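Have a look at the structure below before the remarks.
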Amino acid sequence: MSLLMPPSNQEPPGWMRSGLRRLTISVMRQPKLTLGLVLFSVLVSVGVTAGFLKFKTERSDLIDPSTPFHQRWLNYTESFGDSSDLVVVVEGRNPNRIKQVLDELGQRLESQPEQFANVLYKVEPGRLQEKGLYYLRPDQLTTGLERLEEIRPALEGNWQYLGVEGLLGGFSQKLNSTDPQDQLQTLTELHQFLNSLDHYLANNQDYRSPWPEVIEIDPLRKQQANQITYLLNENGTMGFLKAKPVYARDGFEGAAPVIDALRELIAKVDREHSDISIGLTGIPVLESDEMRRSQSDMIVASVISFLGVGLLLLLGFRGMRHPLIALGMLLVGLAWSFGYTTLAIGHLNILSVSFAVILIGLGIDFGIHFLSRYLQYRHEKRPLFSSLVRTSESVGPGIITAALTTALAFACATFTPFLGIAELGLIAAGGILLCALVTFIVIPPLIAFSDLKLPERRLPSPYSARSLRYFLTRHPIPIAILSLSIITGVGVKAFTPQEEGLKLN
């Protein structure tokens, strides 16, 4: 009997079994073409992912932008900008040394406007003179307008108004006022005018204006205008520098390149000042570190999960050939899932980036069920082709049902307004369905190449765990008590008793 002997033409009952039978026969008749098309689709998926998949690195990307509270926040940031600043903390015992380091760091950041904006580490009031009117009281502004109105003729070019005759005439008119307060003010101005004339006649090189200031300012404030105030704490032991990072918000790295550049600069300055300690914090730093940690943890977890699954497959199937087939199926499913994510959503966030670990743990189950049943049929002396078709007919509906129910469970997460969880659920649901589809497209042609000339006696027998099953069935009560004790112990550790109730750890 040939290993590729076709099975009976009798159609199995049920549309699902019939469809899976036809699919398996189709891929088995053209295994090279099937695997070639699969490889091409994998390359396309990888290319689409590498070229178009974006990463959202901010916490606000986890929230549905259509919610009212998030809309208010977006409107606020459009008008006033967000407060996501990098904060450099300079710590030391000498305030002057802290100021020196702040000046050095601030000047270097100001020289790189393509990476850092709104650098703030000191306040120079002298630079605020152009906006000084914003700091005055309403009564001061009113007095200033009245005095400008008094000298309007001179401002309009009538300089005769400032002549001695014109001024004396003006003083004479004001002294005729019936208001004692106006008379006193006029006498004061006249006295200042006469003192100015007397002083000028005595020394014409030293002119003193006789006119009152348009707006009177506190002398202490004038003195403060020439002082520089650094951002220090009350004890003068810590200084602060704030800067806004400039970066593209649709890249996976986010503000990471800017943060790395700042950390390199901080390390360089820190080495030059051994008595000063310099640190870096701020929301962009926290978000960047979270995204980097998520990325590295995802890679590490995916590798560990993939290797762990591979090791268990080696132990379970007692060989290399069929575990490698299952892992190959899983890699194709992951590649398709990344392509699906790129087309369906277009980006990943700090939560959905972990979907690969989920697919590795759940997607491999379909391949395990398929291979186990296939090997069972082969050990029953069935031909290769017939075993594969029969496997699809027998366990195929169960695999499809499991995939649909699991995908439906993940898809329910899309109803939550928390966008991070919703996107993770949508990606995981699609990935589960793709892994189930890959099981029937990739595994049969791979088995056709690997087992074509392999007799039944050389096929591995999956580990059946007979000893373990025997032990569990012989001692059900102790096993149940032990299991309940473990569950209770873990559950107790998850909560901490408090006065107001239990707190989840």
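Numbering (my numbering), first residue to last: 246 to 750. Ideal Cβ positions, reconstructed from N, Cα and C, are used throughout, including at glycine. The structure presented is a predicted model; accordingly, all values stated were derived computationally and were not measured.
**Prompt:** Should Ser632 go down as buried or exposed, given a rule of 16 or more other Cβ atoms within 10 Å for buried?
**Reply:** buried
**Message:** Whether or not the segment 332 to 340 and the segment 692 to 702 are in contact is what I'm after, with contact meaning three or more pairs of Cβ atoms, one per stretch, closer than 8 Å; do they touch?
**Reply:** no
**Prompt:** Just to confirm, are Leu729 and Leu525 a CB contact at a threshold of 8 Å?
**Reply:** Not a contact, by the Cβ cut-off of 8 Å.
**Close Cβ partners of Arg623 (< 8 Å) along its chain, the five nearest in sequence each way excluded** = Leu629, Ser632, Asp696, Glu701 and Leu704
**Message:** Using a Cβ-Cβ cutoff of less than 7 Å, which residues in the same chain neighbour Met574 once the five nearest sequence positions on both sides are dropped?
**Reply:** The residues are Gly612, Val683, Thr684, Val687 and Ile688.
**Request:** Starting from Ile523, trace the alpha helix (DSSP H) both ways and give me its first and last residue.
**Result:** Looking at the DSSP string, Ile523 is not in any alpha helix (DSSP H); the run it does join, the beta strand (DSSP E), is Ser522 to Thr526.
**Asked** In chain order, which continuous runs of the alpha helix (DSSP H) of length 4 or greater are located wholly inside the segment 497 to 569?
**Response** 501 to 517 and 528 to 562
**Asked** Should Ser539 be labelled buried (16 or more other beta-carbon atoms within 10 Å of its own) or exposed?
**Response** buried
**Asked** Can you give the beta carbon distance from Leu268 to Glu638, rounded, assuming they're within the 8 Å contact cut?
**Response** The distance from the Cβ of Leu268 to that of Glu638 is about 11 Å, inconsistent with a contact at the 8 Å cut-off.
**Request:** Measure the alpha-carbon distance for Ala656 versus Val554 and round it to whole angstroms.
**Result:** 25 Å
**Asked** Can you name, in chain order, every residue of its own chain whose Cβ lies under 8 Å from the Cβ of His614, other than the five neighbours on each side?
**Response** Val640, Gly643 and Ile644
**Request:** Please look up how many angstroms separate the CB atoms of Glu535 and Ile595, rounded, as I've assumed it's under 8 Å.
**Result:** 6 Å
**Prompt:** For Pro251, does the count of other Cβ atoms within 10 angstroms reach 16, so buried, or fall short, so exposed?
**Reply:** Low confidence applies to Pro251: its pLDDT is 47, below 50, so where it sits in the model is not reliable, and the reading given next is rough at best. Burial call: exposed.
**Range covered by the beta strand (DSSP E) that runs through Val334** = The continuous beta strand (DSSP E) containing Val334 extends over residues Leu331 to Glu336.
**Asked** With which residues is Tyr475 paired in a DSSP beta bridge?
**Response** Lys367
**Item:** Reduced DSSP secondary structure (H/G/I, E/B, other) of Gly484
**Value:** strand
**Item:** Minimum length 4: unbroken alpha helix (DSSP H) runs contained in the segment 655 to 681
**Value:** none
**Asked** Under the three-state reduction of DSSP, which class applies to Trp260: helix, strand or coil?
**Response** helix
**the segment 504 to 515 in contact with the segment 304 to 322 per 3-pair CB rule at 8 Å** = no
**Asked** What number of angstroms, rounded off, separates the C-alpha of Ser541 from the C-alpha of Ile504?
**Response** Ser541 and Ile504 have their C-alpha atoms roughly 17 Å apart.
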